[in-house]
Amino acid sequence: MRDNRGKKGTKTSSFGSPGRINHDSTPFYTSKLYEGLPEEEKVKYVENPVPPQFLDKIFCKSSERMEELPDNSVHLMVTSPPYNVGKEYDESFTWLSPANPTLRDVHEYILVFSKGMFSRKNMNKRESTISRDEFLEFTKSVWTFPAEPARKIGHPAPFPVELPYRLIQLYTYQGEVVLDPFMGSGQTAIAALKADRHYAGYEIEEEYVKLSEMRINEFLIGYESPTLFSFTE
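Written as structure tokens, this is what we have:
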């Protein structure tokens, strides 16, 4: 095997040349992939505090109007929107069953969006709480953990606490604010507390707000017991 250490990297706006181990294809993507789109504006990093009375709260209202939260006050939003719920044209759907269903979707995608660049300043020098082992595990391209039973939680579509916990550990620092605009059963709030973060949430169903608050209180009562709340097994 050829030793490519120390070789100077190459740059080009086209592909097809073999043997380019250390190759920067940025010019290709810059000139072709986003051709015709306006240039991305640089976003100045601003951080405003959330009023203390609105921290660690779930608001029973639509997240279309979040007057409680100042602009640029949330460090991470983790959510699973209730897509395809309440469609008035459900009866118009037609389904074609596969003749030989040998493949099944047994996974979910996690879509990550950023306001500007993925990196951001740690202006207040907050602590990172992710361990080395967690970082190595959480940065893998596939995450595997059990689903959360709907009957056990009392909500039709709960995701495992481990899911938001990993994202919170990867993308935030200690004491920062995590938002879930579709709080549901409170999984994001529990994950935020487990990671020593604050949370804010919105939920239009009063039943689920009460469910979330009950589950959060149960978590806080039992948090000292690692056998009850070990999410990284």
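Under my numbering, residues 4 to 236 are what the sequence shown spells out, in order. For glycine and all other residues, C-beta sits at the position ideal for the given N, C-alpha and C.
**Prompt:** Quick one, which of A194, F185, G119, V145 has its alpha-carbon nearest Y48's?
**Reply:** G119
**Asked** For the 8 Å Cβ check, are there 3 or more pairs between the region 146 to 154 and the region 201 to 209?
**Response** no
**Request:** Sort Q177, G157, R218 by Cα distance to N127 and report the nearest one.
**Result:** Q177
**Prompt:** DSSP on M80, reduced to helix/strand/coil?
**Reply:** strand
**Item:** Pair within 7 Å by beta-carbon distance, R218 and G189
**Value:** yes
**Prompt:** With 16 as the cutoff for other CB atoms within 10 Å, does P161 come out buried or exposed?
**Reply:** buried
**Asked** So is Q56 buried or exposed if we call it buried at 16+ other beta carbons inside 10 Å?
**Response** exposed
**Message:** So, at 7 Å on beta carbons, what are the nonlocal neighbours of Q172 in its own chain, with the 5 sequence-adjacent residues on each side left out?
**Reply:** T132, I133, E137, F141, A198
**Asked** Do L182 and A195 have their CB atoms nearer than 7 Å?
**Response** no
**Item:** Close Cβ partners of V77 (< 6 Å) along its chain, the five nearest in sequence each way excluded
**Value:** V180, L182
**Prompt:** What are the boundary residues of the beta strand (DSSP E) that Y202 is part of?
**Reply:** 201 to 205
**Asked** Taking only runs of the beta strand (DSSP E) that begin and end inside the region 147 to 215, which ones reach a length of at least 3 residues, in chain order?
**Response** 180 to 183, 201 to 205
**Item:** Cβ shell of K45 (< 8 Å), same chain only, five flanking positions each side left out
**Value:** G119
**Asked** Mind checking S215: buried by the 16 CB within 10 Å criterion, or exposed?
**Response** buried
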